[in-house]
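Undergrad: Going by our numbering, 772 is the number at position 726 of the sequence shown; the sequence numbering is gapless. Every residue, glycine too, gets a C-beta built ideally from N, C-alpha and C.
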Amino acid sequence: MGDRTAPLLGCAYIAGLLLAEGAIAPSDGAVGLQLARWGTAALALGAAAAVLIPRWWWRGPSARQWLAIGLTVAVAVAYWGARLPQPGEADISRYVGSAAAQAPQARTAAVEGRVLSLPELTREGRARLWLAAQRLDGTPATGQLYVTVPVLQATGVAPGQHARVRGTLYHPPSSRNPGAFDFQAYLARQGAFASLSGRQLTQTAPEADWGWWQLRQRIVRAQVRWLGSPNGQLPSSMVLGRRAVDLPYSVQDRFVEAGLAHVLAASGFHVSLLLGAVSVAARRLGDWGRLGVALAALVAYAGLTGGQPATLRAALMEAAGALAVASNRQVDAKRALLLAATLLLVWDPLWIGDWEFGLSFAATWGLITTVPALLQRLDWLPSPLATAVAIPVAVFPWVLPLQLHFFGVIPTYSILANVAVAPLVYWLAWGGMASALGAAIAPPLGSALAWLLTPAVTLLQGIVGAIAGLPGSSWVVGTIGVATVVALYGALGLANVRAVRQRWPWLALAALALLVLPWAYERATLTRVTVLAAGDELVAVVRDRGTVTLINSGSPETVQFVVGPFLQRQGIGHLNRAIVLSRSSDRRGWSALAEHVSLGTLAFNPALGAQHLPASGVAAQRQPLPSPSQRSPGNSRMALSSAEPALLQLHLRGQDWLWLEGKGDPPPAAAGQPPILVWAGSPPPERWWRELVPQAAIAASRTVDAQLEQDLSARAVPIHWTVRAGAIQWRPRTGLRASELTVDPQRSPY
């Protein structure tokens, strides 16, 4: 079929996995039917292409190749579905109840099983680990379990040990808000369909398995011993990867905000350093002797880092390069990258949806295709400086589409930050590897070598903190769709075509238009109210043609898992108005929100005391909410009818709203068109809403009041419960409906 058949089939396999990842929704059920539909479509398109395309594109793939491409795509779709985790007949999740229940179901239980991972610290200050369940309250059970326990209970726990955990067994909650972290989908991709919030952990068989984790712990402890925490974890993370080291979240967040998250990941840079050092040390062994030592070093490093996708990709590519050198052949970097991607996705096809996997390959492609041309243009600079500038400049456009798709944020000073810290990164990478080797030989030697890195660690932390603290360090633009991602990568691909390269300014302008025009159009025209699902807390976002209002912030946890991700994915980095409505408002939530979003005017209920209001520096200005007689005319009007209970009136584009929060009898509503009534927690007094007769009702509550629902239905008043439908959205043309969830099944952006 020709020399290009293998690359074509590799690309077809990856395309098939991308098709399955983007088009098939396991949560919708009937996965087999969806797989059959898309697999059949791939075969049909391959056959049609084999008949039609070779007639007018004679230099393109042959008819046999088009048939093979269609078949490969169909096989990839089927393979993705076959590797999708499903709960077994005796899976522990089947003892909890239905995962599709309106409210989370849970039970108190004692689970015995085998520990699969080292404990890690969560943002809530608990320890988390994976457990292979064996018995549930004495009954045999199977399945993988996500467990959290108090930190002290997890002391000394290691993989291979057997333990008994007592606590609350529950189905992990699915996402109820647009852009929120889908904990249920995340665990399902790991093969876990239940979670256990443990109170007590008892080791029943303390013997642990041998593994790379023991050497990893030895290295981390040696580096922390003299550097302290978190300074000691920083070089450990740079050498072993963020996933292999329990680096404090505050440090991780600063690196992310500065656009330096990749510094904390074991990647091709570290693998190249390792292979270079090994080649020098084994230079007397001959070509095949050096190859054997290099392959052994690559296997050891991949195991030591925990088999992270970026490390495995780099190890495979470096292994191909070492094999080519030993056999006096040249290696095509692009084909090596494609081969590495294909092999890794054969090993685990679900990695196709992993953002770290995608960013790693996009960055490597940028290094291969763009760095050489940039170095030629920067030949007037000293070689080390030219390399430090060329690498982030080359990588940035190739990772930007995926970064916007997954996170919707651009680190403004990313390129500048990478150039500024390049010497320190080299220093710490070399020093960290030397310290790791010393720790493997003798921990005191590793500690002494790590101590020599103190100036570099301190300086790096200072530079990163300064860059992350600069005004506008992150540009929140909102997430982009798959079609926009494909279009942007298409423009980047055309820029590498010689016939089109001369017109790169037009390509750059078109790519910029793809990003800016939808963003600007939405802000100029969008009117939408979103009542977020935040338990018993009333939290809502009101957007009206460029003006954004947030009603209540919620608790810090609500900000972290609900409000923050929603605003980030919507591209909202500034709130024109922030409203503090009642005594349930949490000033800590406003402070947490202000770390990521700027606040304009803070409007508050004048009956609230200072203890309920956020700190003075949170918003640019603050003022009490106006009374109905004080509100200004216009399409968007707001007034406080009652301070206790808090009753807020809102008129938006011809629609009246009433927001009720607090206990007590609210005042009679003013005559006018029936409003949409929103309340939090306990329902309003029956007499009051009977007189009001709302157009519709929204209850921000953890529970459903069946009697109230029946009474409202009897009066033809539709009611929406956030605990049942998730976030509720309203638009002038479509009215009220459950929001279209676009969730992140991997991790919370915050």
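#1: Taking C-alpha atoms, which residue in Leu-350, Pro-252, Gly-635 lies nearest to Arg-288?
#2: On the criterion of 16 or more Cβ atoms from any shown chain inside 10 Å, does Asp-333 qualify as buried, or is it exposed?
#3: Quick one: what's got a C-beta closer than 7 Å to Pro-691's C-beta in the same chain, skipping five residues either side?
#4: Taking the continuous alpha helix (DSSP H) assigned at Trp-552, which residues delimit it?
#5: Can you give me the Cβ contacts of Ile-509 inside the same chain, cut-off strictly under 7 Å, excluding the 5 residues immediately before and after it?
#6: When the distance is taken between beta carbons, is Asp-137 closer than 8 Å to Phe-239?
#7: Please list the terminal residues of the continuous beta strand (DSSP E) segment that includes Thr-703.
#8: Between the Cα of Asp-798 and those of Ala-226, Met-363, Ala-745, spot the shortest distance and give me the residue it belongs to.
#9: Is the region 518-530 close to the region 442-454, with three or more CB pairs under 8 Å?
#10: Could you check if Gln-695 is buried or exposed, using at least 16 other CB atoms within 10 Å of its CB as the buried criterion?
#11: What does the alpha-carbon distance come out to for the pair Leu-65 and Leu-55?
#12: State the Cα-Cα distance for the pair Gly-322 and Thr-118, rounded to the nearest angstrom.
#13: Whole angstroms is fine: what's the gap from Ala-514's alpha carbon to Trp-521's?
#14: With distance defined between alpha-carbon atoms, name the residue in Arg-359, Ala-409, Arg-105, Ala-372 nearest to Leu-389.
#15: At a cut of 8 Å, does the region 302-318 reach the region 481-495 through at least three beta carbon pairs?
#16: Would you be able to state if there are at least three C-beta pairs under 8 Å between the region 123-142 and the region 160-176?
#17: Where does the unbroken beta strand (DSSP E) through Asp-590 begin, and where does it stop?
#18: Does the beta-carbon of Gln-354 have 16 or more other beta-carbons within 10 angstroms, so that it is buried, or is it exposed?
#19: How would you call Tyr-347, buried or exposed, if buried means at least 16 neighbouring beta carbons within 10 angstroms?
#20: Where DSSP assigns a beta bridge to Tyr-20, which residues make up the other side?
#21: Val-577 and Ser-599: beta carbons closer than 8 Å?
#22: Using three-state DSSP, classify Asp-137 as helix, strand or coil.
#23: Note down, in chain order, each residue of its chain lying with its Cβ closer than 7 Å to the Cβ of Ala-689, except the 5 sequence neighbours on either side.
#24: With DSSP run on the structure shown, which of helix, strand or coil describes Asp-790?
#25: Going by Cα to Cα distance, which pick from Ala-365, Ile-398, Gln-249, Tyr-295 is closest to Gly-68?
#26: Within the chosen definition, does the region 601-621 reach the region 633-640 through at least 3 CB pairs nearer than 8 Å?
#27: So, at 6 Å on beta carbons, what are the nonlocal neighbours of Ala-147 in its own chain, with the 5 sequence-adjacent residues on each side left out?
#28: Can you check whether the CB of Ala-409 is closer than 8 Å to the CB of Val-445?
#29: With DSSP run on the structure shown, which of helix, strand or coil describes Ser-481?
#30: Taking the alpha carbon of Ala-179 as the point to measure from, which residue in Ala-231, Arg-549, Arg-153, Leu-242 has its own alpha carbon closest?
#31: One question on the structure: do Ala-475 and Arg-264 come within less than 8 Å of each other, judged by their Cβ atoms?
#32: Which class does Gly-159 belong to by DSSP, given the choice of helix, strand or coil?
#33: Tell me the DSSP secondary structure of Ala-685 in three-state form.
#34: Am I right that Leu-671 and Leu-686 are in contact with their C-beta atoms under 8 Å? What's the rounded C-beta distance?
#35: Using the three-state DSSP reduction, which class does Asn-464 fall into: helix, strand or coil?
TA: Taking the definition as stated:
#1: For the purposes of this step, residue 288 is taken as residue 242 along the sequence shown, with counting starting at 1. For Arg-288, the nearest C-alpha among the options comes from Leu-350.
#2: Your numbering for residue 333 matches position 287 in the sequence shown. Exposed, by the Cβ-count rule.
#3: Locating residue 691 in the sequence shown gives position 645, counting from the first residue. Contacts found: Leu-706, Glu-707, Gly-708, Lys-709, Gly-710, Pro-712.
#4: For this step, residue 552 is matched to residue 506 along the sequence shown. Start and end: 550-571.
#5: Locating residue 509 in the sequence shown gives position 463, where the first residue counts as 1. Closer than 7 Å at the Cβ level, and outside the excluded window around Ile-509, lie Ala-466, Val-467.
#6: In the sequence shown, counting from the first residue as 1, residue 239 sits at position 193. In the sequence shown, counting from the first residue as 1, residue 137 sits at position 91. Yes, they are a contact pair.
#7: Translated into positions along the sequence shown, residue 703 becomes position 657. Looking at the sequence provided, one finds Trp at residue 703 rather than Thr. Segment 701-707, the beta strand (DSSP E) holding Trp-703.
#8: The shown model of the chain, from 47 to 796, leaves out residue 798, and the question about it has no answer.
#9: yes
#10: The count along the sequence shown starts at 1 and reaches residue 695 at position 649. Gln-695 comes out buried.
#11: Start at 1 with the first residue of the sequence shown, and residue 65 comes out as number 19. Start at 1 with the first residue of the sequence shown, and residue 55 comes out as number 9. Cα to Cα, Leu-65 sits roughly 15 Å from Leu-55.
#12: Position 276 of the sequence shown, counted from the start, is the residue given in the question as residue 322. Position 72 of the sequence shown, counted from the start, is the residue given in the question as residue 118. Answer to the nearest angstrom: the Cα atoms are 37 Å apart.
#13: For the purposes of this step, residue 514 is identified with residue 468 of the sequence shown, where counting begins at 1. For the purposes of this step, residue 521 is identified with residue 475 of the sequence shown, where counting begins at 1. The straight-line gap from Cα to Cα measures roughly 12 Å.
#14: As a working note, residue 389 is residue 343 in the sequence shown. Cα-wise, what sits closest to Leu-389 is Arg-359.
#15: no
#16: no
#17: Taking the first residue of the sequence shown as 1, we reach residue 590 at position 544. 586-590 is the span of the beta strand (DSSP E), which, as asked, contains Asp-590.
#18: The residue labelled residue 354 in the question sits at position 308 within the sequence shown. Gln-354 should be labelled buried.
#19: Position 301 of the sequence shown, counted from the start, is the residue given in the question as residue 347. Classification of Tyr-347: buried, given that the 10 Å Cβ count is 16 or more.
#20: Nothing can be reported for residue 20, as the shown portion of the chain is limited to 47 through 796.
#21: As a working mapping, residue 577 is identified with position 531 in the sequence shown. As a working mapping, residue 599 is identified with position 553 in the sequence shown. Their beta carbons are not under 8 Å apart, which means Val-577 does not touch Ser-599 by this criterion.
#22: As a first step, residue 137 is located in the sequence shown; it is residue number 91 there, counting from the start. DSSP places Asp-137 in strand when its eight states are reduced to three.
#23: Here the question's residue 689 lines up with position 643 in the sequence shown. Correct list, in chain order: Asn-651, Pro-652, Ala-653.
#24: Counting from 1 along the sequence shown, the entry for residue 790 is found at position 744. Bear in mind that a pLDDT of 46 at Asp-790, under 50, signals an unreliable position, so the number given afterwards is only what the model happens to contain. Asp-790 falls in the strand class under three-state DSSP.
#25: On the sequence shown, position 22 is the one that residue 68 refers to. For the residues Ala-365, Ile-398, Gln-249, Tyr-295, the minimum Cα distance to Gly-68 belongs to Ile-398.
#26: yes
#27: On the sequence shown, position 101 is the one that residue 147 refers to. Here the model assigns Ala-147 a pLDDT of 49, short of 50, so the residue's position is not dependable, and the following value carries that caveat. So the list is empty, once near-sequence residues are dropped.
#28: On the sequence shown, residue 445 is found 399 positions in, with the first residue counted as 1. On the sequence shown, residue 409 is found 363 positions in, with the first residue counted as 1. It is a contact, given that the beta carbons lie within the stated cut-off.
#29: Indexing the sequence shown from 1 puts residue 481 at position 435. Looking at Ser-481 - three-state DSSP - the assignment turns out to be helix.
#30: By 1-based counting over the sequence shown, the position of residue 179 is 133. If we check each option's Cα against that of Ala-179, Leu-242 comes out closest.
#31: Counting from one through the sequence shown, the residue named residue 475 turns up at place 429. Counting from one through the sequence shown, the residue named residue 264 turns up at place 218. For Ala-475 and Arg-264, no; Cβs fall outside 8 Å.
#32: Translated into positions along the sequence shown, residue 159 becomes position 113. It is a strand residue.
#33: Within the sequence shown, the letter at position 639 stands for residue 685. Residue state, collapsed to three classes: strand.
#34: Here residue 671 corresponds to residue number 625 of the sequence shown, with the count starting at 1. Here residue 686 corresponds to residue number 640 of the sequence shown, with the count starting at 1. Right, their Cβ atoms sit about 4 Å apart.
#35: Residue 464 sits at position 418 when you count from the first residue of the sequence shown. Helix, per DSSP.
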